[in-house]
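>
Numbering (the numbering used here), first residue to last: 30 to 404.
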């Protein structure tokens with residue numbers, strides 16, 4: 030995997046770049062739709078390619094490990110062979126999902142023991158077997174196993190957690206280096222910077238990660254309950270240290286405003302379930318703000334969902350989508366998901382254009398407030 034910074038913004042740390050993988054190129058800044066179980070909920074791959082303009086999608090190690098399981102994935106030639114997505118894929122380590130299983134998991138130095146949310150069966154994730162699992166899944170970009178501590182963790186817990194995450198990272202790297210890709214193409218390993226909202230811990234974590242010389246680096250443990258200004262402060266602290274010639278991935282973030290603020294601070298890659306989850310629940314993102322399509326105000330509005338949006342937005346009217354949600358038709362969830370994903374990809378594409386034109390900060394200032402308002 031290679032990364033080339035192509036343009037930098039004179040008034041901020043925003044930049045555009047090009048990631049090249051064996052499954053294709055990715056123009057940054059980029060938003061990556063989340064395909065938890067090997068599919069992006071309610072969206073066909075043809076729609077992801079043609080309307081959403083997705084360049085890379087995510088898979089979830091925890092969920093894919095449990096279903097369909099590693100035997101089936103390996104027999105299929107990895108996730109690319111199993112689901113038919115020919116473009117790049119990134120997998121998280123499953124750590125966030127495991128650590129979210131409050132009450133049915135046990136954390137040790139060895140790894141994390143947990144019980145499946147499906148059938149209660151007992152499993153363990155270690156740095157070593159997570160690397161093996163991600164090799165089987167075959168993602169172009171693999172994430173290291175880390176602990177994502179609660180956002181309100183006290184300093185001592187955060188410090189202890191970070192130390193273990195760093196020991197786990199060393200074990201991940203050792204296992205990654207002593208194994209080979211299974212399907213004839215390169216895989217990259219990204220470490221994850223943790224440290225909660227403590228500046229010194231974030232600085233320590235960023236230096237530790239930067240020294241590993243990985244193909245790219247991730248920032249985890251944000252957007253987990255802390256104030257947004259604190260999140261932005263932590264991004265600045267970390268990006269002051271992470272190498273500028275490697276892509277920076279902010280995990281699990283977030284709203285359109287979050288994404289633009291992070292781009293301004295030098296982040297290149299994003300993912301979040303928000304566009305699809307909100308889309309399935311009748312909340313649509315637009316440049317003018319958010320729309321709740323269940324509201325009666327749309328009942329007689331026969332204008333397109335978004336005349337500047339993707340093909341789906343131009344075909345269906347607000348009144349029709351309102352009707353579909355009220356009638357609980359499955360098509361409503363599909364339309365909402367496609368719209369939101371296409372909007373997120375359009376947002377980062379527009380950000381790229383304005384960075385190239387040299388007016389990103391001015392453009393962002395002119396739209397940031399209206400993005401969050403309710404229409």
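Each residue gets a CB set at the ideal place from its N, CA and C atoms; glycine is no exception. These figures come from a predicted structure and were not determined experimentally.
Flag this pair as touching only if the segment 39 to 49 and the segment 384 to 391 have three or more C-beta atom pairs under 8 angstroms; answer yes or no.
Yes: the two stretches touch, three or more of their Cβ pairs being nearer than 8 angstroms.
> Taking 8 angstroms as the cut-off, decide whether the C-beta atoms of residue 173 and residue 219 are in contact.
Here residue 173 is taken as the residue at index 144 of the chain shown, counted from 1. Here residue 219 is taken as the residue at index 190 of the chain shown, counted from 1. Cβ distance < 8 angstroms, so residue 173 and residue 219 count as in contact.
> What runs of the alpha helix (DSSP H), each 4 residues or longer, lie entirely inside the segment 90 to 164?
Counting only runs of 4 or more, we get 90 to 95, 99 to 105, 107 to 112 and 124 to 128.
> Is residue 384 near residue 36, with beta carbons less than 8 angstroms apart?
On the chain shown, residue 384 is found 355 positions in, with the first residue counted as 1. On the chain shown, residue 36 is found 7 positions in, with the first residue counted as 1. In contact: residue 384 and residue 36 (Cβ atoms closer than 8 angstroms).
> Going by DSSP in three states, residue 218 sits in which element: helix, strand or coil?
If you number the chain shown from 1, residue 218 lands on position 189. Of the three classes helix, strand and coil, the one that applies to residue 218 here is strand, per DSSP.
> When DSSP builds the beta bridges, which residues end up paired with residue 27?
Because the chain spans 30 through 404 in this model, residue 27 falls outside it and cannot be assessed.
> Cβ atoms of residue 246 and residue 259: under 8 angstroms apart, would you say?
As a working note, residue 259 is residue 230 in the chain shown. As a working note, residue 246 is residue 217 in the chain shown. No.
> Taking all protein chains shown into account, decide if residue 329 is buried (16 or more other Cβ within 10 angstroms of its Cβ) or exposed.
Here residue 329 refers to the residue found at position 300 of the chain shown. Its Cβ having fewer than 16 others within 10 Å, residue 329 is exposed.
> Going straight from the alpha carbon of residue 192 to that of residue 183, what length do you get?
In the chain shown, residue 192 corresponds to position 163, counting from 1. In the chain shown, residue 183 corresponds to position 154, counting from 1. C-alpha separation (whole angstroms): 14 angstroms.
> Determine the extent of the alpha helix (DSSP H) in which residue 399 is found, giving its start and end residues.
Mapped onto the chain shown, residue 399 falls at position 370. That run of the alpha helix (DSSP H) goes 389 to 400.
> What is the C-beta distance between residue 201 and residue 160, in whole angstroms, given that I count them as a contact (C-beta under 8 angstroms)?
The count along the chain shown starts at 1 and reaches residue 201 at position 172. The count along the chain shown starts at 1 and reaches residue 160 at position 131. Sure, about 6 angstroms apart at Cβ, within 8 angstroms.
> Does residue 184 come out as helix, strand or coil in the three-state DSSP assignment?
Taking the chain shown and counting its residues from 1, the one referred to as residue 184 is at position 155. Helix at residue 184.
> May I ask which residues mark the beginning and end of the beta strand (DSSP E) holding residue 314?
Position 285 of the chain shown, counted from the first residue, corresponds to residue 314. Taken as a continuous stretch (DSSP letters only), the beta strand (DSSP E) holding residue 314 covers 312 to 315.
> Per DSSP, what kind of secondary structure is residue 270 in: helix, strand or coil?
Translated into positions along the chain shown, residue 270 becomes position 241. It is coil, neither helix nor strand.
> On the criterion of 16 or more Cβ atoms from any shown chain inside 10 Å, does residue 351 qualify as buried, or is it exposed?
Sequence index remark: in the chain shown, residue 351 carries index 322 (1-based). Classification of residue 351: buried, given that the 10 Å Cβ count is 16 or more.
> Going straight from the alpha carbon of residue 380 to that of residue 282, what length do you get?
For this step, residue 380 is matched to residue 351 along the chain shown. For this step, residue 282 is matched to residue 253 along the chain shown. Each residue's alpha carbon lies about 16 angstroms from the other.
> Out of 32, 211, 105 and 369, which one is the CA nearest neighbour of residue 81?
For this step, residue 81 is matched to residue 52 along the chain shown. Checked all of 32, 211, 105 and 369; the closest Cα to residue 81 is 369.
> Are the segment 331 to 350 and the segment 301 to 308 touching, with three or more C-beta to C-beta distances below 8 angstroms?
Too few Cβ pairs lie closer than 8 angstroms, so no.
> Using only CA atoms, which one of 361, 115 and 140 lies nearest to residue 448?
Shown here, the chain extends from 30 to 404; a query on residue 448 therefore has no answer.
> How about residue 65 and residue 166: do their beta carbons lie closer than 8 angstroms?
Locating residue 65 in the chain shown gives position 36, counting from the first residue. Locating residue 166 in the chain shown gives position 137, counting from the first residue. Taking 8 angstroms as the Cβ cut-off, residue 65 and residue 166 do not qualify as a contacting pair.
> Excluding the 5 residues flanking residue 371 on each side, which residues of the same chain have their C-beta closer than 8 angstroms to its C-beta?
One-based indexing of the chain shown puts residue 371 at position 342. Hits under 8 angstroms: 80, 81, 82, 338, 339, 341 and 342.
> Residue 148 to residue 221, Cα distance in whole Å?
For this step, residue 148 is matched to residue 119 along the chain shown. For this step, residue 221 is matched to residue 192 along the chain shown. One C-alpha to the other measures close to 30 angstroms.
> Go to residue 305, then tell me how far its alpha helix (DSSP H) extends in each direction, as first and last residue.
In the chain shown, counting from the first residue as 1, residue 305 sits at position 276. Note, residue 305: alpha helix (DSSP H), 303 to 309.
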